[in-house]
Amino acid sequence: MTLDFEGIIGKSLAESIDRQEALLLFRECFEDYEKAIVLLGTAYMVREREMGNVFSWSTEMGSIDGCGLSSHCHSCSVWQADKPISKEEVSRRVYEAELNGIKGFGLAGSCATDSNAVVRAATWIHEFSNNGIGFSIRAGSSIPLQTLKQLQTLGIRRIDCAFDTLNPKVFKTYKPGDDLQARKQFTLSIAEAGLKLGTNLTAGLGPKETRSQDYVDALFFLKQFDHLEHLCISKFVPYEGMPMADSSTCSAWEGACLIAVARLVLRNIDISPAYGWKPDDFPGPLMAGSGNRIYINAPFSEAISARSALHKHLGLETNA
Numbered sequence: 036m037t038l039d040f041e042g043i044i045g046k047s048l049a050e051s052i053d054r055q056e057a058l059l060l061f062r063e064c065f066e067d068y069e070k071a072i073v074l075l076g077t078a079y080m081v082r083e084r085e086m087g088n089v090f091s092w093s094t095e096m097g098s099i100d101g102c103g104l105s106s107h108c109h110s111c112s113v114w115q116a117d118k119p120i121s122k123e124e125v126s127r128r129v130y131e132a133e134l135n136g137i138k139g140f141g142l143a144g145s146c147a148t149d150s151n152a153v154v155r156a157a158t159w160i161h162e163f164s165n166n167g168i169g170f171s172i173r174a175g176s177s178i179p180l181q182t183l184k185q186l187q188t189l190g191i192r193r194i195d196c197a198f199d200t201l202n203p204k205v206f207k208t209y210k211p212g213d214d215l216q217a218r219k220q221f222t223l224s225i226a227e228a229g230l231k232l233g234t235n236l237t238a239g240l241g242p243k244e245t246r247s248q249d250y251v252d253a254l255f256f257l258k259q260f261d262h263l264e265h266l267c268i269s270k271f272v273p274y275e276g277m278p279m280a281d282s283s284t285c286s287a288w289e290g291a292c293l294i295a296v297a298r299l300v301l302r303n304i305d306i307s308p309a310y311g312w313k314p315d316d317f318p319g320p321l322m323a324g325s326g327n328r329i330y331i332n333a334p335f336s337e338a339i340s341a342r343s344a345l346h347k348h349l350g351l352e353t354n355a
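So the sequence shown is numbered by this note's numbering: it starts at 36 and just counts up by one.
Here's what the structure looks like:
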């Protein structure tokens, strides 16, 4: 059967698209802005139909520990953290979150996060949280299954294991100290522990000529996991001092198209813009089908302010 853009768009309103259809959408929409606008509008309708119009807000609380890798990931800031988050900071931020309607928190671990540090932070969260805030921990594959099961008993419901890319060569360039196969195995351990899975893909990594296929491979790898709950989509933005500082910034169009196709493939999970998107950019991802958890990538106090401003200007209904 011949694939055509209009036919795929029509199908996507009712059911998930397949690999070849996703690939065609990427290739055509990267070249044609008018088609991209149609794609984004379709993804918005699918999100509204599958997820509704009630939104939750989440942000990152702080870092669990530093990074033990000798070769750091090229856009990660965990290894640059001055110090791990303290018990006092956890107590204060949980209180402020509950007061301001933040429904989700992430704690940032590294690719080599110490299990004892993870359990300690989770114990503090369990002690101070009283209002059903959903907590997740971002970590590499260093946490053993036994610790994952212990985290569940402490109220942690999701582990975020970022891939950024599933292209082995690009992964090795972008995350030189990390292990792609170990991360894949870690996703299975997360399921075995009874926890939900969150992950991250980064738009704009790797050669332009392979990105469409890379995005398709990544989305359909993730589609196999029934415990996948949350996908963050970052937009590559180089910064001074990073090894890839001379690389090009990913365009908002490309990032939005990745969000939109992810919605047409994965349908009924939370999809959030993350690193590389500023709070002022959020109307774009929302119109591309992101939701229903809005992740604010900003220092904690700024996240609280951004939540209030976005709620007012976008007129969003939230479950706060």
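Built from N, CA and C at the ideal position, the CB exists for glycine as well. Computed from a prediction, not measured in an experiment: that's the story for all the values here.
First and last residue of the beta strand (DSSP E) that includes residue i?
i      : result
ASN236 : Here residue 236 turns out to be Leu, not Asn, going by the sequence shown. First-last of the beta strand (DSSP E) with LEU236: 231 to 238.
HIS265 : 263 to 270
TYR95  : Inspection of the sequence shows that residue 95 is occupied by Glu rather than by Tyr. That run of the beta strand (DSSP E) goes 89 to 98.
ILE137 : Taken as a continuous stretch (DSSP letters only), ILE137 belongs to no beta strand (DSSP E), as it is neither H nor E.
GLY169 : 169 to 173
ILE194 : 193 to 195
PRO308 : 305 to 308
Taking all protein chains shown into account, decide if residue i is buried (16 or more other Cβ within 10 angstroms of its Cβ) or exposed.
i      : result
ASN88  : exposed
PRO308 : buried
MET86  : buried
THR148 : buried
SER164 : buried
LEU236 : buried
MET80  : exposed
ARG127 : exposed
SER283 : exposed
ASP39  : exposed
GLN55  : exposed
ASP213 : buried
ALA217 : exposed
GLU66  : exposed
PRO203 : exposed
ASP100 : buried
ASN327 : buried
ASP199 : buried
LEU299 : buried
PRO320 : buried
GLY42  : exposed
GLY173 : Checking the sequence shown, residue 173 turns out to be Arg, not Gly. With 16 or more Cβ atoms within 10 Å of its Cβ, ARG173 is classed as buried.
LYS243 : exposed
Starting from residue i, follow the alpha helix (DSSP H) in both directions and report where the run begins and ends.
i      : result
PHE61  : 54 to 64
ASN151 : 150 to 163
GLY241 : GLY241 -> no alpha helix (DSSP H), and no H or E assigned at all.
MET294 : Sequence inspection shows Ile at residue 294; the Met mentioned does not correspond to that position. First-last of the alpha helix (DSSP H) with ILE294: 287 to 301.
SER373 : Missing from the structure shown is residue 373; the chain here goes from 36 to 355 and no further.
LEU189 : That residue, LEU189, is in no alpha helix (DSSP H); it is neither H nor E in DSSP.
THR356 : Since the first residue shown for the chain is 36 and the last is 355, residue 356 is missing from the structure and cannot be characterised.
PRO119 : Looking at the DSSP string, PRO119 is not in any alpha helix (DSSP H), and its letter there is neither H nor E.
GLY319 : 318 to 322
Per DSSP, which one or two residues make a beta bridge with residue i?
i      : result
PRO211 : For PRO211, which the question treats as bridged, DSSP gives no partner whatsoever.
ARG328 : SER91
LEU13  : Past the boundaries of the shown model lies residue 13; the chain is included only from 36 to 355, so the question cannot be answered.
ASP199 : LEU236
Subject >> the region 283 to 293 touching the region 45 to 53, judged by at least three CB pairs closer than 8 Å >> reply: Short answer: they don't touch.
Original post:
Is the region 187 to 194 in contact with the region 226 to 234, if contact means three or more CB pairs nearer than 8 Å?
Top reply: Yes, the region 187 to 194 is in contact with the region 226 to 234.
Original post:
Would you say the region 258 to 269 touches the region 37 to 48, given that touching needs at least three Cβ pairs under 8 Å?
Top reply: Taking a cut-off of 8 Å for Cβ pairs, the region 258 to 269 and the region 37 to 48 do not touch, as fewer than three such pairs fall below it.
**OP:** Specify whether the region 119 to 128 and the region 150 to 163 touch according to this definition: at least 3 beta carbon pairs, one from each stretch, less than 8 Å apart.
**Re:** The answer is yes - the region 150 to 163 touches the region 119 to 128, with three or more Cβ pairs under 8 Å.
Original post:
If we count Cβ pairs, one from each stretch, closer than 8 Å, do we get three or more for the region 58 to 78 versus the region 242 to 256?
Top reply: Three or more Cβ pairs drawn from the region 58 to 78 and the region 242 to 256 lie within less than 8 Å of each other, which places the two stretches in contact.
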